[in-house]
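Each remark here refers to the structure printed beneath this line.
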Amino acid sequence: MSLNTNFLQVLQENQLASLAIATLAVVGASVVSLKTLSFVKLLFDVYVRPGKSLKSFGAGTGAWAVITGASDGIGKEFALQLAAAKFNILLVSRTLSKLQELGEEIEKKYHVESKVFAMDFTKSDPQDYENLKNIIDQLDVGVLVNNVATNHDIPTPFILETDELIRNIIEVNIFGLLKVTKIVLPRMLPSNRGLIINVGSFAGMIATPYLSLYSGSKAFMNTWSQALGAEL
């Protein structure tokens, strides 16, 4: 093989390598750009875009807001804020005493009605869902807040997760989300109004090692919420 032939072969290999590197760079830049745009859109939606009046969902007209995971934290704050906006409130969570205490606070402070329903979403008891449906079927529901969720106790590799935790995260974060939404939607569609708030997590936007089950469940929530929004 001549020197010129060797030179041409090396040149071609370098050109192919350069093309491969350039292609990977373009793909990488595209992925980063999409992630950045998604994050910017999130900030815009949360902090810049003007919100829609809650009156369009029945605030002050006797309509109800249903909040799962309502006894503590974000769920409790949603309940208080929606009560302040003059929605009647249905509180759904595991601990009856906490729900009753919050319901009394809401009625006393905001002069709206409240109902409570205690259920353990990890049990996925069909009778619990049937009883919840019987309550909701009697209400004019304007808002649903799907807040109930469970997480890992500590960051753990997936291979070490227990079957119980796997089942609990699926039952609460996925099945509970779907089941409650399916119960509530028929109360919204006839009036052609309704607001569904699915409380997500950055772990659903960015793959989170050692929280893989929770991260995956929240990623499911994101994708399903977009698909459901397009249907409705």
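Residues in the sequence shown are numbered from 1 upward in steps of one, following full-length UniProt numbering.
C-beta atoms are modelled at their ideal positions from N, C-alpha and C, and glycine is treated no differently.
Treat the numbers as computed from the prediction; the structure is a model and nothing was measured.
Query	Result
Lys55 burial status per 10 Å Cβ neighbour count (16 or more: buried)	exposed
Reference Leu139; option with closest CA among Gly69, Ile89, Thr122 and Phe78	Ile89
Exposure label - Lys52; buried when at least 16 CB within 10 Å	exposed
Alpha carbon of Glu171 to alpha carbon of Ala83, nearest angstrom	28 Å
Distance between Ile183 and Asp153 (C-alpha atoms, nearest Å)	30 Å
Which of helix, strand or coil DSSP assigns to residue 235	Look at the range of the chain in this structure, 1 to 232, and you will see that residue 235 is not part of it.
CB-CB length for Leu91 against Leu80, believed under 8 Å	Not quite, the Cβ-Cβ distance comes to about 11 Å (not below 8 Å), so this is no contact.
For Asp65, the three-state DSSP class (helix, strand or coil)	Sequence inspection shows Ala at residue 65; the Asp mentioned does not correspond to that position. Here Ala65 sits in strand by DSSP.
Whole-Å CB distance - Phe57 paired with Gly142, under 8 Å assumed	4 Å
Beta-carbon spacing of Leu144, Leu195 below 9 Å	yes
Alpha-carbon to alpha-carbon, Ala230 and Leu211	29 Å
Euclidean distance between Cα positions of Met188 and Gly69	21 Å
Cβ shell of Met119 (< 6 Å), same chain only, five flanking positions each side left out	Asp128
Sequence-distant residues of its chain with Cβ nearer than 6 Å to Phe158 (five each side left out)	Ser212
Rounded straight-line distance, which links the Cα of Ala207 to that of Lys179	25 Å
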